[in-house]
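I have placed the structure first, in the form of structure tokens, so that the comments after it can refer back to it.
In the numbering used here, the protein residues as written are 3 to 155.
The structure is reproduced here in structure tokens:
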């Protein structure tokens with residue numbers, strides 16, 4: 003479970019109301035895992051499955067999550083390519099895929115979402131279920147499948 007996005011926020015420890023919110027998020031997982039209750043909607047934070055450049059010029063990155071995410075333009079500064087900030091110009095979502103349009107083509111090999119000292123509670127990627135996405139660090143950017151030679155597949 004993501005500990006980001008809990009309101010009211012806490013640095014290392016939450017105020018009592020924050021712990022109650024965290025318990026509210028964890029309860030459906032306990033009910034599913036220990037009591038076999040089938041949830042009606044997603045009860046987990048979005049988790050990145052795969053990140054790759056789109057076909058053609060390397061100015062677009064597609065990131066597939068395990069569930070739909072919600073994009074807001076203020077999130078562009080929360081992604082780092084090879085550790086460098088401010089490379090993302092905009093984003094959009096179709097289903098479970100978040101597409102980042104870069105400000106210019108890139109030769110980056112890794113992508114990170116959030117840095118420990120530079121994140122803000124107000125700029126978090128969330129799932130359609132309202133739960134903050136899990137962070138990730140130095141996830142390899144795979145080449146587009148269509149760009150690979152047939153012998154490599």
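Note that beta-carbon positions come from the ideal geometry of N, C-alpha and C, so glycine has one too.
Just so it is clear, the structure is predicted and the values come from calculations on it, not from any experiment.
{"Asked": "So, is residue 86 buried or exposed, given that buried needs 16 or more other C-beta atoms within 10 angstroms?", "Found": "exposed"}
{"Asked": "Helix, strand or coil: which one does DSSP assign to residue 75?", "Found": "helix"}
{"Asked": "Sorted by chain position, which residues of the same chain lie with C-beta nearer than 6 angstroms to residue 141's C-beta, five sequence neighbours on each side aside?", "Found": "53, 113"}
{"Asked": "In terms of DSSP beta bridges, what is residue 134 paired with?", "Found": "128"}
{"Asked": "What are the boundary residues of the alpha helix (DSSP H) that includes residue 20?", "Found": "18-37"}
{"Asked": "For residue 80, which of helix, strand or coil comes out of DSSP?", "Found": "helix"}
{"Asked": "Helix, strand or coil, according to DSSP, for residue 15 in the structure here?", "Found": "coil"}
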